Amino acid sequence: HGKTTLSDNLLAGCGMISEELAGRQLYLDFDEQEQARGITIDAANVSMVHTYEGKDYLINMIDTPGHVDFGGNVTRAMRAVDGVIVVVCAVEGVMPQTETVLRQALKEKVKPVLFINKVDRLINELKLTPEEMQTRFMNIIREFNRIIRKMVAEEFKDKWLVRVEDGSVSFGSAYHRWAINVPLMKKTGITFKDIFGHCKEGKQRELAKKAKVHEVILDMVIRHLPSPIEAQKYRIPTIWPGDIESEVGKAMINCDPKGKLAMMITDLRIDPQAGEVATGRIFSGTLEKGKEVYLYNLKTKARVQQTGVYFGPERMPTEKVVAGNIAMVIGLKNVRAGETVCDADLIIEPFEEMRYVSEPVVTIAVEAKHMKDLPKLIEVLRVMAREDPTIRVEINEETGEHLISGMGELHLEVITYRIKKKGVDIETSPPIVVYRESVEGTCEPVEGKSPNKHNRFYFTVEPIEKPTFKALIEGEIKPHRLKGKELARALWESGMDKVDAKGIVEIYENNILTDVTKGIQYLNETMALIQEGFHEAMNEGPLAKEKVLGVKVKLVDAKLHEDAIHRGPAQVIPAVRGAIRQAMLNAKAILLEPKQKVFIQVPQDYMGAVTREVQSRRGQILNMRQEGDMIIIEAKCPVAEMFGFAGDIRSATEGRALWSTEFAGFEKLPEELQEQVIKKIRERKGLL
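Numbering-wise (our numbering), the sequence shown opens with residue -14 and increments by one.
This is how it looks when you write it as structure tokens:
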């Protein structure tokens, strides 16, 4: 879409990189994989100064990836910023990723403005008339506003819509370095006809002198996007669950540099020279060199060795960074994205967890080619898992086979490339899909006996009610935030059985444990061990030791030994785990497979080829619509069938298809495939 090209031109305009190179060198894609693939993988931070109406403004900007496999970087960036420039390609229009990104922004109360890019292609490639172009722009803006209306908080319903007339929409070509919007047209007298003429006659360079892209876009940012002082007033209550009336609550609402420190880490890079470099947003207080801080999740203190701001990929050390800024900090050992950093003498409630839109659903096994590299490989994997919270790494000391799960094929390719680049020779398995286990039915109570026969537990299992499960998956019910009665009420209001909701013990990885027993002696003091048994049963389902999803486990009865010594971990945990696994089998345990939504844009003549390609992959077509001579197809396919799709769709459409995917949750694997897939997973795990 041109996000990085646009960012580079904004930097050039502020005198940070040379104008000649902007957009050709992709300054913010400073990773060699990014430059080779021509896409952005990591999010890059920059700060720049822009003069508007005689005043200097400091702008902190993050350039983020558009590819769905790297969506985790977008999620993290949203927490650090207050506004977004959404770049939409004039040719492709509003894409599904546009909607995903907007949805994330609006959830975090981040205000959008719109830049319609690649306008010259409408004139020179699609040969549209000025009237047709205006219709196309209107459609893009209408669609963009439709998404905002659907997702935005009540208080901003009308205020946050983008409008041509007030300049919250700009048009242009980042590559050719020009942009235009209504305020500029009024100021300079450039008309839409002039633009059309300049593009048609190949005079875009002249246009770039009259309508500089960086001035138009950065003016739009300053005019329409909020400063931290404005934004924190309404953002803090959404992203921080603490008491707004407390000392630190007020300091954050007012973005007060003199208040107590409150900072959230949104990104981590491991630098060969500097070590761990964390980046985050300071919401109140001041971060300075030598300051002692407290890391909430790690429950430990640390001392700031260096702090500063970004300047493209360069870090610029400063003595201190104040509230409202995005800062880099060195010295926070073992920190991860999502960490809350505060004053060592005033520990605050942690910020809301960041919700990733997708989950890691594709796994590869990685082994070191030479035994001597094994320790290095384990170290590299640990570092990568900390740098990118959307990868899961399982290190298996016994087999020497380590599993990496990522968002998709591309994500894993980049990860393996980066491991090799760190000097470890590796062999990788073909990609494996991550499944989940669940149940379809219910069962009679199943008894679990402890090895010493002195304790008995009785469990039933059933699927979680559909509306409740949906509320959990979408983050509407936040188990880590609600306790006891509040959680029970939220579950019941979402559609769960009232008795089950009242007995809620815990929610673990979107499975529910509830206690519906009455008056059983010693149960309270045994509950922590029962929960451990529940966790073990949920981490490894009965069919193929895949994780369990969407199951409600009910403790219906128990008989416990009066003597605590006879109901220790070695007695309780296996009894609980065994009973839950058996109950799942009795309630018809099934495998769920991950699905992806696939959006394909293709010329009409290739429609048949695309539908055949989708259907041959057990895909279902959800929707088709026509836009000009293009057909837009929305389908849903199993991730397992999507390997190699890129090459196949390219040859089926002679390279004319544009496509993208997004994660669409887990659904039941068809009956006829259950047995063979379970067998395959068991073989792979050596369980036969």
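Ideal Cβ placement from N, Cα and C applies to all residues, glycine included.
Source: prediction; values computed, not measured.
Going by the DSSP bridge assignment, what does residue i pair with across the sheet?
i, result
"PRO579", "PHE651"
"GLY433", "PHE442"
"HIS35", "TYR42"
"PHE584", "GLU619, SER645"
"PHE519", "DSSP output for PHE519 lists no bridge partner at all."
"TRP163", "SER158, LYS197"
"GLU425", "Looking at the DSSP assignment, GLU425 forms no beta bridge with any residue, so it has no partner."
"MET313", "THR264, GLY293"
"ARG300", "TYR295"
"ILE489", "THR499"
"ALA62", "BP columns for ALA62 are empty, so no partner."
"VAL536", "PRO448"
"SER269", "ALA247"
Residue i lies in the alpha helix (DSSP H); which residues open and close that run?
i, result
"ARG321", "Looking at the DSSP string, ARG321 is not in any alpha helix (DSSP H), and its letter there is neither H nor E."
"ARG88", "81 to 92"
"ILE666", "656 to 670"
"ASP179", "177 to 185"
"ASN124", "115 to 136"
"SER636", "630 to 637"
"HIS387", "Looking at the DSSP string, HIS387 is not in any alpha helix (DSSP H); the run it does join, the beta strand (DSSP E), is 387 to 391."
"LYS235", "232 to 238"
"ALA350", "Not the alpha helix (DSSP H): ALA350 falls in the beta strand (DSSP E), residues 347 to 353."
"VAL368", "359 to 372"
Report back the beta-carbon spacing between residue i and residue j to the nearest angstrom; my notes put them in contact at under 8 Å.
i, j, result
"GLU84", "ILE126", "14 Å between Cβ atoms; not a contact."
"LEU169", "ALA196", "6 Å"
"VAL206", "GLY68", "7 Å"
"GLU447", "LYS537", "5 Å"
"LEU508", "ASN440", "Contact doesn't hold; Cβ gap of about 11 Å is too wide."
"LEU210", "VAL98", "6 Å"
"ARG466", "PRO226", "6 Å"
"VAL561", "ILE515", "5 Å"
"LEU397", "ILE349", "5 Å"
"ALA572", "THR427", "6 Å"
"ILE221", "MET248", "13 Å between Cβ atoms; not a contact."
"VAL418", "VAL346", "7 Å"
Assign residue i to buried or exposed, taking buried as 16 or more other Cβ atoms, counted over all protein chains shown, within 10 Å of its Cβ.
i, result
"TYR295", "buried"
"SER423", "buried"
"LYS94", "buried"
"GLN611", "exposed"
"ASP252", "buried"
"ARG288", "exposed"
"LYS451", "exposed"
"LYS354", "exposed"
"ARG9", "In this predicted model, ARG9 has a pLDDT of only 46, less than 50, meaning its place in the structure is not dependable; the value taken from the coordinates is given anyway. Classification for ARG9: exposed."
"ASP241", "buried"
"SER479", "buried"
"ASP41", "exposed"
"GLU337", "buried"
"ASN310", "buried"
"ASP373", "buried"
"LYS243", "exposed"
Check for me: the beta strand (DSSP E) holding residue i runs from which residue to which?
i, result
"ALA572", "Taken as a continuous stretch (DSSP letters only), ALA572 belongs to no beta strand (DSSP E), as it is neither H nor E."
"TYR279", "277 to 280"
"ARG288", "285 to 288"
"ARG552", "That residue, ARG552, is in no beta strand (DSSP E); it is neither H nor E in DSSP."
"LEU607", "605 to 612"
"ARG377", "377 to 380"
"LEU99", "96 to 102"
"GLU412", "411 to 413"
"GLY68", "68 to 74"
"LYS274", "Counting along the chain, LYS274 falls outside any beta strand (DSSP E), and DSSP gives it neither H nor E."
Comparing the CB of residue i with every heavy atom of the ligand GTP, is any distance shorter than 7 Å?
i, result
"THR638", "The ligand GTP is not among the ligands present in this structure, which contains no ligands whatsoever."
Kindly confirm or deny that the region 571 to 588 and the region 638 to 657 touch, where touching means at least three C-beta pairs closer than 8 Å.
yes
Should the region 586 to 596 be regarded as contacting the region 550 to 561, the criterion being three or more beta carbon pairs within less than 8 Å?
no
Take every Cβ of the region 499 to 514, pair it with every Cβ of the region 523 to 531, and state whether three or more of those distances are shorter than 8 Å.
In short, these stretches do not touch, since the Cβ pair count stays below three.
At a cut of 8 Å, does the region 624 to 642 reach the region 510 to 525 through at least three beta carbon pairs?
The region 624 to 642 makes no contact with the region 510 to 525, as fewer than three CB pairs between them are under 8 Å.
Hey, is the region 315 to 324 in contact with the region 253 to 267, meaning 3+ C-beta pairs nearer than 8 Å?
Remark: three or more beta-carbon pairs, one from each stretch, lie closer than 8 Å, so the region 315 to 324 and the region 253 to 267 are flagged as touching.
Count the CB pairs spanning the region 96 to 114 and the region 172 to 184 that are closer than 8 Å, and state whether there are at least three.
yes
Is the region 363 to 370 close to the region 325 to 336, with three or more CB pairs under 8 Å?
no
Would the region 110 to 120 and the region 160 to 169 be scored as touching if the rule is three or more Cβ pairs under 8 Å?
no
Would you check if the region 566 to 576 and the region 485 to 498 touch, i.e. whether three or more CB-CB distances between them fall below 8 Å?
By the Cβ test, the region 485 to 498 is not in contact with the region 566 to 576, since fewer than three Cβ pairs between them sit closer than 8 Å.
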